[in-house]
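Numbering (the working numbering), first residue to last: 338 to 607.
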């Protein structure tokens with residue numbers, strides 16, 4: 338059953354449904370889970386509720402695992418990387434091994450998986466207008482969205498001019514990335530920014546899911562999508578929210594961003 342709703346803010350359209358979780362096939366069980374390399378980086382392969390396995394280096398970025406042609410496509414920040422499965426999963430005592438692009442990943446065995454740290458970001462010189470904008474944008478974005486920023490890159494040749502607009506790329510500490518439009522507002526070099534797409538208002542999303550669930554179940558639920566006001570999430574991104582029902586039961590909600598205009602699909606699995 339599919340429910341549609343419209344809400345104000347950056348999340349424009351909500352689509353909700355209640356669907357039973359599709360069980361993993363035997364071959365999918367071999368692939369599903371968190372695979373960790375020797376350097377601590379990991380690949381997370383999981384079921385999305387429609388019998389497709391997904392891959393991710395964070396909880397919101399991912400791609401499709403193609404069992405037929407033995408390839409994994411993973412999004413890291415704004416870059417997509419394909420991994421050839423050099424060796425299918427091999428079962429060993431208390432763990433599994435898989436070989437991707439010649440790198441061995443382990444599932445199970447008590448390994449502690451961590452996300453690889455991003456390389457240091459080099460801002461442009463503070464003596465340049467672009468360098469000043471990058472630092473100002475980082476501070477303003479963090480203050481308004483509460484999203485930690487790893488780095489900002491603006492055009493080198495940008496010059497101070499009232500009304501001048503240009504695009505800068507911002508990368509968060511979780512590797513998610515977003516392009517923002519920056520405009521100079523006065524002769525002192527002050528700037529304003531706006532995100533045209535890719536920035537989801539979690540509070541708006543929470544209210545939308547809550548309203549749709551109330552229509553669907555007749556119950557008032559509490560919805561939490563992480564406690565932050567915003568999240569960088571472009572087309573294909575997935576993340577989890579949690580619903581708390583009046584009887585105290587909790588259910589996970591999987592949210593999928595289906596385009597860069599703010600349209601999302603969500604589902605609760607029993």
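Here a beta-carbon is modelled for each residue, glycine too, at the ideal position from N, C-alpha and C.
For residue 548, the uninterrupted alpha helix (DSSP H) run begins and ends at 539-554, by DSSP. Around the beta carbon of residue 521, 16 or more other beta carbons lie within 10 angstroms, which makes this residue buried.
Inter-segment contact for the segment 459-472 and the segment 539-546 is absent: fewer than three beta-carbon pairs are separated by less than 8 Å. Distance between residue 432 and residue 590, taken at the CA atoms: about 29 Å. The Cβ atoms of residue 537 and residue 528 do not sit closer than 7 Å to each other. Burial state of residue 549 is buried, judged by a 10 Å Cβ sphere holding 16 or more other Cβ atoms. C-alpha of residue 568 to C-alpha of residue 585: approximately 27 Å in a straight line.
Using a 10 angstroms sphere on the CB of residue 475, the tally of other CB atoms reaches 16 or more, which defines it as buried.
As computed with DSSP, residue 516 is found in a beta bridge with 506.
Apart from sequence neighbours up to five positions away, the residues of its chain that approach residue 532 with a beta-carbon distance below 7 Å are 515 and 517, ordered along the chain.
Counting C-beta pairs closer than 8 Å gives three or more between the segment 462-471 and the segment 494-501, which meets the contact rule.
Rounded to whole angstroms, residue 489 and residue 473 show a C-alpha spacing of 10 Å. Under DSSP, residue 578 forms a beta bridge with 590.
Annotated three-state conformation of residue 482 is helix, per DSSP.
Distance from the CA atom of residue 557 to the CA atom of residue 510, rounded to whole angstroms, is 35 Å. Between residue 503 and residue 492 the beta-carbon gap is near 5 Å, inside 8 Å, which marks them as a contact.
By DSSP's assignment, residue 465 forms no beta bridge with any residue.
A direct Cα-to-Cα measurement between residue 442 and residue 565 gives close to 32 Å.
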